[in-house]
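Report on the following structure.
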Amino acid sequence: MQARYRFALPVLVVLFLVFAGCIHPSADSTTPATSQTIVTPLPLTSATACSLTPGPRQTLPAYEDVSITVDRNTITDEPTITVRFDGGLGNGMVQRMTVTMIRSDCVTEQQFRDNPVVGTSITQMGTLGTDRVIVVLVMTSGDQYTVIDQNYPFPVRMG
Numbered sequence: 007m008q009a010r011y012r013f014a015l016p017v018l019v020v021l022f023l024v025f026a027g028c029i030h031p032s033a034d035s036t037t038p039a040t041s042q043t044i045v046t047p048l049p050l051t052s053a054t055a056c057s058l059t060p061g062p063r064q065t066l067p068a069y070e071d072v073s074i075t076v077d078r079n080t081i082t083d084e085p086t087i088t089v090r091f092d093g094g095l096g097n098g099m100v101q102r103m104t105v106t107m108i109r110s111d112c113v114t115e116q117q118f119r120d121n122p123v124v125g126t127s128i129t130q131m132g133t134l135g136t137d138r139v140i141v142v143l144v145m146t147s148g149d150q151y152t153v154i155d156q157n158y159p160f161p162v163r164m165g
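Residue numbering for the sequence shown follows this note's numbering, starting at 7 and increasing by one per position.
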């Protein structure tokens, strides 16, 4: 009976080692190489390029037509620009109204309102220069229209 244990014990030990993974070397025994990322700074230009040139505008189909008003606050302390959704025939068809303002100092700010209703507005801080306002409407049909792309100069006061 001891002969049976002498044979079974080494077989069990070998089986445990095989299933434990101690006999087989790991599939990836090499140490991972450390990667280095070299960052090269972009050359600085003397003037930051931003476009204050308005692009093309699109006309909404008559059944989707809405009115949008852009007002510029002329108080020097707060030269804000407010875009207001005034509604129209396509009142329930506007899924998103996105307002992008490119300021005269080349700072770009973008805000949006989902499913705007009459009176919905977006107010952004402008500059004392000329700021470009772009209003894009996404309709429930998935169509996208740039309805306003215009410069709004801050008025110069005489006197």
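Every residue gets a Cβ at the ideal spot worked out from N, C-alpha and C, and that includes glycine.
Please read all numbers here as calculations on a predicted model, not as lab measurements.
Residue i - DSSP class collapsed to helix/strand/coil
i	result
N157	strand
V17	helix
Q150	strand
Enclosing beta strand (DSSP E) for residue i [first to last residue]
i	result
R90	86-93
L143	136-145
M107	100-108
Q179	Coverage of the chain is limited to positions 7 through 165, which leaves residue 179 absent and any answer about it impossible.
I128	127-131
T75	73-78
D120	114-120
Assumed close pair residue i, residue j - CB separation to whole angstroms, cut-off 8 Å
i	j	result
T75	R63	15 Å between Cβ atoms; not a contact.
F118	M103	6 Å
Q101	V144	5 Å
G61	D155	5 Å
L66	V153	7 Å
L58	S110	7 Å
Residues near residue i in its chain [Cβ-Cβ closer than 6 Å; skip 5 each side]
i	result
T129	T86, T88
M131	T86
T106	Q116, I140
Residues near residue i in its chain [Cβ-Cβ closer than 7 Å; skip 5 each side]
i	result
S73	D92, G93, G94
Contact between the region 148-162 and the region 130-140 (3+ Cβ pairs under 8 Å): yes
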